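Participant: Position 40 (the sequence shown) corresponds to 40 in full-length UniProt numbering; numbering is contiguous.
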Amino acid sequence: MSEQHHEPGSDEPAPQEPTSQTQEMPRVDVELTFPEKSRYEAGTAPDFDDPYRIDVDAILSHADLPTDPGPITRALPLVDAIKRQQVKASTRSLEARLIGGERTMKRREVAQKAGISLHSARKLWRALGFPNHGEEDVAFTQNDLQALLTIVDNVRSETLTEEAAISVTRSIGQMTDRMVVWQIEALVEDMIQNQGLSDPEARRKMVELLPELIAPIEELLVYTWRRNLNAAIQRLGARSQAGVVSGNDDDAPLPLARAVGFADLVSYTSLSRRMNERTLAQLVQRFENKAAEIISVGGGRLVKTIGDEVLFVAETPQAGAQIALTLAQELNADEALPAARVSVVWGRVLSRLGDIYGPTVNLAARLTALAEPGQILTDALTAATLKDDARFVVQELEATSVRGFGDINPFDLAHGEGGSLVID
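#1: Need the endpoints of the beta strand (DSSP E) that serine 351 sits in, please.
#2: Could you pull the start and end residues of the alpha helix (DSSP H) that glutamate 396 belongs to?
#3: Quick check on DSSP: helix, strand or coil for lysine 304?
#4: Please report the distance separating the alpha-carbon of valine 257 from that of methionine 275.
#5: Going by beta-carbon coordinates alone, are threonine 400 and aspartate 407 separated by less than 8 Å?
#6: Is it the case that the stretch 293-300 contacts the stretch 371-389, given that we only count it when at least three CB pairs across the two stretches are under 8 Å?
#7: Under 8 Å, do valine 260 and alanine 364 count as touching if we go by C-beta distance?
#8: Beta-carbon within less than 6 Å of proline 359's beta-carbon, same chain only, minus the 5 sequence neighbours each way: which residues are those?
#9: For tryptophan 125, does the count of other Cβ atoms within 10 angstroms reach 16, so buried, or fall short, so exposed?
#10: Taking buried to mean at least 16 other C-beta atoms within 10 Å of its own C-beta, is glycine 237 buried or exposed?
#11: Whole angstroms are fine: how far does the CA of leucine 148 sit from the CA of leucine 377?
#12: Determine, using beta carbons only, whether valine 342 and alanine 321 come nearer to each other than 8 Å.
#13: If glycine 307 sits next to tyrosine 268, beta carbons under 8 Å apart, how far is it from one beta carbon to the other, in whole angstroms?
#14: Hey, would you say valine 181 sits closer than 8 Å to serine 90, going by beta carbons?
#15: Whole angstroms are fine: how far does the CA of tryptophan 346 sit from the CA of glutamine 318?
#16: To which residues of the same chain is isoleucine 423 closer than 8 Å at the C-beta, ignoring the five residues directly before and after it?
#17: From this set, Arg170, Leu337, Ala314, which residue's C-alpha is nearest arginine 348's C-alpha?
#18: With distances taken from CA atoms, which of Gly418, Ala371, Gly416 is nearest glutamate 398?
#19: For alanine 113, count neighbouring C-beta atoms within 10 Å of its own C-beta (all shown protein chains included) and say buried if the count is 16 or more, exposed if not.
#20: Report the rounded CA-to-CA distance for glutamine 174 versus tryptophan 225, giving the unit in angstroms.
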């Protein structure tokens, strides 16, 4: 796996109280991007779009009714037109509920009422992952304004710096975008598999079903975020108490000591050429679900999945080794999946944008590529850390040349006495 990418106020006076029925507020720049006034007025950059807008045309493009071969009748186009109107009405109703009101403002009005430049507003909106509206489009609601103000107020109060605000905002945009796509496709796939619907029929029904799911999913989302935040805080507290025992020395070039592991499926590329799209998707989903469950049970964190590969981290080398062993055992025992290769390495990493970086990550990836099907590899440092633990057996292998690391001696990792993870 190759390494990836990174990225990214002053305390201005609060906006004056509105003095007219139109609620127009004088512009007070929060220097999120510190644009000059001339740049603000020019408005040359593209603008932001609404976060919750449902693309009716995009949905309908997947919703052409399948028809049996036979004589053309006037009834089929009529039925098709009625179905299209029903879907369009459903999406309009959903949009009103999701965005929380009517669209009453243009992009410049939103920026003015938030007390920031148009350029700054665009920058924040793009951080949330939303595309652009035109200068004259009446596209924004009071909810959109409030979302912008929430970010801006935290910069004004110096709770967040501009860089931190952009990064936090981008994390929300990227994660929720992926989450929404995942959820929609999961609903569609479930209807296809269990109700015998075609893809277009399932997408129509999904639109009809969503109103019943918005509230419970929203509630579950907030609950899960809070639980995950608490878990992260508890881990941080435990590490602070452990001090240097955990390996978190203040002067270390990379701040976090973690067990980093990979698991990937053998011969995935050749398999993918022989499978149809739906079968391949089912295989990948089975692999990801099983890996995610094992990592969670082991107290680790699934960093990301890339098709046939998962990347995980754990707080200790022992926890990482147990996860690696269980991944290899469970994945290789599953007859519906090809064999898996696994690695785990204890070392230092840099955590940014929800991902991890550093030589430890690269070494773990290289060891995975070296492993035989069903095998787990680790490095000398990790093996030395685990060798006195009866739960693990490590065996040194012949030296081999590893790109970027020179000649190294990988170690085979196997189960010792007891202590395996229990997957119920």
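C-beta atoms are modelled at their ideal positions from N, C-alpha and C, and glycine is treated no differently.
All of these numbers come straight from a predicted model, not from anything done at the bench.
Facilitator: By the coordinates alone:
#1: 340-352
#2: It is not in any alpha helix (DSSP H) - glutamate 396 instead sits in the beta strand (DSSP E) that spans 392-396.
#3: strand
#4: The displayed chain sequence assigns alanine, not valine, to residue 257. Their Cα atoms are separated by approximately 40 Å.
#5: A contact, by the Cβ cut-off of 8 Å.
#6: no
#7: Contact: yes.
#8: none
#9: buried
#10: exposed
#11: 48 Å
#12: no
#13: Contact holds; Cβ gap of about 7 Å.
#14: no
#15: Taking the CA atoms as reference points, glutamine 318 sits about 9 Å from tryptophan 346.
#16: Glu293, Ile294, Val297, Thr326, Glu330
#17: Ala314
#18: Ala371
#19: For the sequence presented, residue 113 should be read as lysine rather than alanine. The residue in question, lysine 113, is buried, as its Cβ has 16 or more Cβ neighbours within 10 Å.
#20: 15 Å
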